[in-house]
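Have a look at the structure below before the remarks.
Here it is in structure tokens:
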């Protein structure tokens, strides 16, 4: 095939197997959202470029699929994330929407990165956001729905870790460590990229931005001290030798996570090296990682209390996260938690219930389409039965029954004439002693799936 | 809000109500596909532009969202249709795939048209294709799954019409009417746009392309004659005064549609004014329209026997169709067939089962998050229960129970202390005579939804 007919770099062709795996994940996203009381919303797949340049920061903008359409004048971007769209949606109807509003969405997102393990240029993402409640309980609820998804897919604290942090807490502690207040953004930017730079680059980064090097020394010493706490989830202000509201706030969230029974997922319960790159986060941030650190982040999010106002709404606290399908699939695969093809087909309703076979007479051949159609038929009281037939030219009933069994159908119906048929249960081998009227066979088989 | 923060022209912001309506349609698409034995596939949301310029024809290319990414070199297009991607997918694995292969897909598509009723720049589309079988039975099966979807949504032949046609039959009949063979493409192009042009434009179109005007006269006379047939679904070659394989073939398809019980949807059963704009169709084509002609086409498709080969596969017959969500939603709305908000919420699992209320004591307040989490918790044997709680500051149990009822929850659980709770059935008003242990209440409520 000429290369020009291949899928673009970093995108995926999904055959039935991969599509069923993706469906398994999106169904888990949706049902978890519903159980936790989130309602679905969505926005356009592409947006005006301005939506992302305003507040997401360079981390997003440098990876944007931004473009002008040939023959068009406006500048668009394929959406790299959902949060700006969500803030716009809420801002536009802020007066009519309840506090909190709990929304989720599932759809395709795009980043023009170099493709590598866990990173594609097109991927699916699940977003869940709680808007209009600024409490630590709201932070905990967002972490809770994220953990709920992992539970549903069979993941445990042995497989994955939730790393919670708080930008305000980092900021306050860093000021306590000697950080000049006006250098806070530079310092957070430093922490976000620290693990990706060499030691020399890291030092140059700080010097270049005028952040005193003793801030790093003191901050690292503080992190070491946190590690020595007996139970970091119950740390007190005194443990830090300082009095800070942000310490209280984070501990309150951890207390709620404990009462929700999910503190075991957050070990250690505070990880102040997590900063999150996006510029709009204003408080609690968190990431979910494979426990051994084998893959990229599975999910990430945090509190963004200024974004709704930025898009024209009233001041509104908000917290949420995003989870992509690519790393999640890798982690499920790594731990043998992706169901096999047959189980996935069953979940998606793709296992046939009935396979319709002709006995080879012209009358039976002619009746097959009507039997298949009658089985599949959807009525207000019945969704229809998944029915298949052979497309082979053979008239050998034995071979056709083999094909029926290979399709994993539960029943075969052998059409014996224009008016009668024999039903065979392919799971037990039991078969009608004598042919019965076609309509009776259809009714009986539809009743097995109502 | 500044205009730059609005959704791009022709795209949609979907709030929970619109998202639930869209979900109702996509679920019907998926379950109909499964019942008819189609497996899911998908491709990238954007493709190399070449994929569309090769064979889809000008009808598609002029409406493409094509672009080069800022800073990139390759030329892409947001996908306007699925068929070229599908042909590529099949061609790449043609040797390993069964004959026929039956695939469906659901996803976003894009056309840079002027937005108007029934036409948006971004929309969802369902595709179903049967690849590797060139028989009239395959044509009938594709029409069958399309009709199956309409049935499932409550539509009837009184609401919508399937207009079937065949490009080869039109071509053969037109040659019989005096069309020079080498003018066949020009003539089909004429027919496709005939209803959108004025009489003078139509005549100029034919003259400009060297199509003799008597072809149109003879063809129109032939169509009038077809209308006078007693039963156009059983027309014979003699009815046309000619012998044509294509006549036989279309009649055979209609015979199968009759035996499937869906010929009532195809009235008249042959409509030779339907041509379909896309250049790759090679035989049977069809469109679905609102019966009164009130809206644009709901769905359209046909046979494309050369496309797989064009993308590097072996010669492979194929037939399929696409159905968008925009016109379908309008038609459902026109006929009062879109379920109400409460019914949609129920279908999507968004009706809460349990609303958790505190009796106002500090111990009960502190226990609420754990009760909510225990209800929602997903285990291998249980998907979790949709549970909510109040975010209001009030401690008034009566007001909280009102909020529970307003949420349409089926049960309320009133947490009475750190260890006990009272369960109330909000549908009947029945309530526990005395508080029971929290764990017992949670187990009982989870059992109502397992």
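Chains as they are written, first to last, in the numbering used here: chain A, 1391 to 1840; chain B, 1391 to 1840. Don't be surprised by glycine CBs; every beta carbon is placed ideally from N, CA and C.
In terms of residues, what are the limits of the alpha helix (DSSP H) holding residue 1422 (chain B)?
-> In the second chain, residue 1422 (chain B) corresponds to position 32, counting from 1. DSSP places residue 1422 (chain B) in the uninterrupted alpha helix (DSSP H) bounded by 1406-1425.
Quick one: list the residues of chain A neighbouring residue 1401 (chain B), beta-carbon separation under 9 Å, in chain order.
-> As a working note, residue 1401 (chain B) is residue 11 in the second chain. Result: 1433, 1434, 1435, 1436, 1437.
Under 7 Å Cβ to Cβ from residue 1529 (chain B), same chain only, skipping five residues before and after it: list those, please.
-> For this step, residue 1529 (chain B) is matched to residue 139 along the second chain. Same-chain partners within the cutoff: 1643, 1674, 1693, 1709.
Does the distance from the CB of residue 1624 (chain B) to the CB of residue 1535 (chain B) come in under 8 Å?
-> Counting from one through the second chain, the residue named residue 1624 (chain B) turns up at place 234. Counting from one through the second chain, the residue named residue 1535 (chain B) turns up at place 145. No.
Starting from residue 1414 (chain B), find everything on chain A with Cβ-Cβ shorter than 7 Å and list it in chain order.
-> Here residue 1414 (chain B) refers to the residue found at position 24 of the second chain. Per Cβ cutoff of 7 Å: no residues; residue 1414 (chain B) is ~11 Å from chain A at best.
From the beta carbon of residue 1817 (chain B), is the nearest beta carbon of chain A less than 8 Å away?
-> Taking the first residue of the second chain as 1, we reach residue 1817 (chain B) at position 427. With 8 Å as the cut-off, residue 1817 (chain B) does not count as an interface residue toward chain A.
Given 8 Å, three or more beta-carbon pairs between the stretch 1599-1618 of chain A and the stretch 1672-1692 of chain A = Touching, no, given that fewer than three Cβ pairs across the two stretches are closer than 8 Å.
Relative to the C-alpha of residue 1823 (chain B), which residue among B:1832, B:1659, B:1588, B:1810 is closest?
-> As a first step, residue 1823 (chain B) is located in the second chain; it is residue number 433 there, counting from the start. Selected option, being the one with the closest Cα: B:1810.
For residue 1814 (chain A), the residue or residues it bridges with in DSSP = One-based indexing of the first chain puts residue 1814 (chain A) at position 424. DSSP, once it has assigned bridges, lists A:1802, A:1821 as partnering residue 1814 (chain A).
Confirm, please, whether the CB-CB distance from residue 1521 (chain B) to residue 1480 (chain B) is below 8 Å.
-> Reading the second chain from its first residue, position 90 is the one you call residue 1480 (chain B). Reading the second chain from its first residue, position 131 is the one you call residue 1521 (chain B). It is a contact, given that the beta carbons lie within the stated cut-off.
According to DSSP, is residue 1685 (chain A) helix, strand or coil?
-> Position 295 of the first chain, counted from the first residue, corresponds to residue 1685 (chain A). Three-state result, residue 1685 (chain A): coil.
Using only alpha-carbon positions, find the residue among B:1487, B:1790, B:1400 that is nearest to residue 1499 (chain B).
-> As a first step, residue 1499 (chain B) must be located in the second chain, where it is residue number 109. Nearest C-alpha to residue 1499 (chain B): B:1400.
Could you give the uninterrupted runs of the alpha helix (DSSP H) lying entirely in the stretch 1605-1669 of chain B, keeping only those of 4 residues or more?
-> 1635-1649, all fully within the stretch 1605-1669 of chain B.
State yes or no: is the C-beta of residue 1829 (chain A) within less than 8 Å of the C-beta of residue 1650 (chain B)?
-> In the first chain, residue 1829 (chain A) corresponds to position 439, counting from 1. In the second chain, residue 1650 (chain B) corresponds to position 260, counting from 1. No Cβ-Cβ contact shorter than 8 Å links residue 1829 (chain A) with residue 1650 (chain B).
Classify residue 1485 (chain A) as buried or exposed, calling it buried when 16 or more other Cβ atoms lie within 10 Å of its own Cβ.
-> Along the first chain, read from residue 1 onward, the residue named residue 1485 (chain A) stands at position 95. Around the C-beta of residue 1485 (chain A), fewer than 16 other C-beta atoms lie within 10 Å, and the residue is accordingly described as exposed.
Count the other C-beta atoms from every protein chain shown that fall within 10 angstroms of the C-beta of residue 1769 (chain A), then say buried if there are 16 or more, exposed otherwise.
-> Translated into the one-based positions of the first chain, residue 1769 (chain A) becomes position 379. Answer is exposed; the Cβ neighbour count stays below 16.
Which same chain residues, not among the five before or five after residue 1505 (chain B), have their C-beta less than 8 Å away from its C-beta?
-> In the second chain, residue 1505 (chain B) corresponds to position 115, counting from 1. Once the five neighbours on either side are set aside, the close Cβ partners of residue 1505 (chain B) are 1399, 1400, 1511.
Cα-Cα separation between residue 1615 (chain A) and residue 1622 (chain A), rounded to whole angstroms = Taking the first residue of the first chain as 1, we reach residue 1615 (chain A) at position 225. Taking the first residue of the first chain as 1, we reach residue 1622 (chain A) at position 232. Straight-line Cα distance between these residues: approximately 10 Å.
Skipping 5 residues on each side, what residues in its chain have a beta carbon closer than 7 Å to that of residue 1491 (chain B)?
-> Numbered from 1 along the second chain, position 101 holds the residue referred to as residue 1491 (chain B). Result list for residue 1491 (chain B): 1480, 1521, 1522, in chain order.
For residue 1599 (chain A), which option in A:1618, A:1620, A:1573 has the closest C-alpha, if you only look at C-alpha atoms?
-> Here residue 1599 (chain A) refers to the residue found at position 209 of the first chain. The residue from A:1618, A:1620, A:1573 with its alpha-carbon nearest to that of residue 1599 (chain A) is A:1573.
Complete runs of the beta strand (DSSP E) confined to the stretch 1766-1797 of chain B [at least 3 residues] = The qualifying runs are 1777-1779.
Give, in chain order, every residue of the stretch 1677-1695 of chain A whose Cβ lies closer than 9 Å to some Cβ of chain B.
-> Within the stretch 1677-1695 of chain A, contact with chain B at the beta-carbon level (separation under 9 Å) is assigned to no residue.
6 Å CB neighbourhood of residue 1808 (chain B) in its chain, flanking five on each side removed = As a working note, residue 1808 (chain B) is residue 418 in the second chain. The residues are 1753, 1757.
Counting only beta-carbon atoms, is residue 1730 (chain B) nearer than 8 Å to chain A?
-> Taking the first residue of the second chain as 1, we reach residue 1730 (chain B) at position 340. Cβ-Cβ to chain A under 8 Å: no for residue 1730 (chain B).
With respect to the beta strand (DSSP E) encompassing residue 1519 (chain B), which residues constitute its N-terminal and C-terminal limits?
-> The residue given as residue 1519 (chain B) occupies position 129 in the second chain. Note, residue 1519 (chain B): beta strand (DSSP E), 1512-1521.
Closest to residue 1812 (chain A) by CA distance: which of A:1826, A:1404, A:1647 is it?
-> The sequence position of residue 1812 (chain A) within the first chain is 422, counting from 1. The residue with the shortest Cα to Cα distance from residue 1812 (chain A) is A:1826.
Distance CB(residue 1469 (chain B))-CB(residue 1503 (chain B)) smaller than 8 Å | Here residue 1469 (chain B) refers to the residue found at position 79 when the second chain is read from its first residue. Here residue 1503 (chain B) refers to the residue found at position 113 when the second chain is read from its first residue. A distance of 8 Å or more separates the beta carbons of residue 1469 (chain B) and residue 1503 (chain B).
In terms of residues, what are the limits of the alpha helix (DSSP H) holding residue 1481 (chain B)?
-> As a working mapping, residue 1481 (chain B) is identified with position 91 in the second chain. 1473-1482 is the extent of the alpha helix (DSSP H) around residue 1481 (chain B).
In or out: residue 1597 (chain B) buried (at least 16 other Cβ within 10 Å) or exposed?
-> The residue you call residue 1597 (chain B) lines up with position 207 of the second chain. Answer is exposed; the Cβ neighbour count stays below 16.
Residues in its own chain within less than 6 Å of residue 1558 (chain A) by CB, not counting five upstream and five downstream?
-> Stepping through the first chain from its first residue, residue 1558 (chain A) is reached at position 168. Cβ within range, chain order: 1636, 1673.
Note down the Cα distance separating residue 1579 (chain B) from residue 1555 (chain B), rounded to an integer number of angstroms.
-> Walking along the second chain from the start, residue 1579 (chain B) turns up at place 189. Walking along the second chain from the start, residue 1555 (chain B) turns up at place 165. Straight-line Cα distance between these residues: approximately 15 Å.
Under a CB-based cut-off of 8 Å, is residue 1723 (chain B) close to chain A?
-> The residue you call residue 1723 (chain B) lines up with position 333 of the second chain. Chain A contact via Cβ: absent.
Mind reading off the beta-carbon distance from residue 1713 (chain B) to residue 1539 (chain B)? Whole number of angstroms is fine, and I expect it under 8 Å.
-> Residue mapping note: residue 1713 (chain B) aligns to position 323 of the second chain, counting from 1. Residue mapping note: residue 1539 (chain B) aligns to position 149 of the second chain, counting from 1. Confirmed, Cβ separation roughly 7 Å.
Residues within the stretch 1694-1722 of chain A neighbouring chain B, beta-carbon criterion of under 7 Å = Cβ contacts with chain B come from 1701, 1702.
Can you tell me whether DSSP reads residue 1403 (chain A) as helix, strand or coil?
-> One-based indexing of the first chain puts residue 1403 (chain A) at position 13. In the three-state reduction of the DSSP assignment, residue 1403 (chain A) falls in the coil class, being assigned neither a helical nor a strand state.
Among A:1837, A:1552, A:1501, which one has its Cα closest to the Cα of residue 1679 (chain A)?
-> Taking the first residue of the first chain as 1, we reach residue 1679 (chain A) at position 289. Closest option to residue 1679 (chain A), Cα to Cα, is A:1552.
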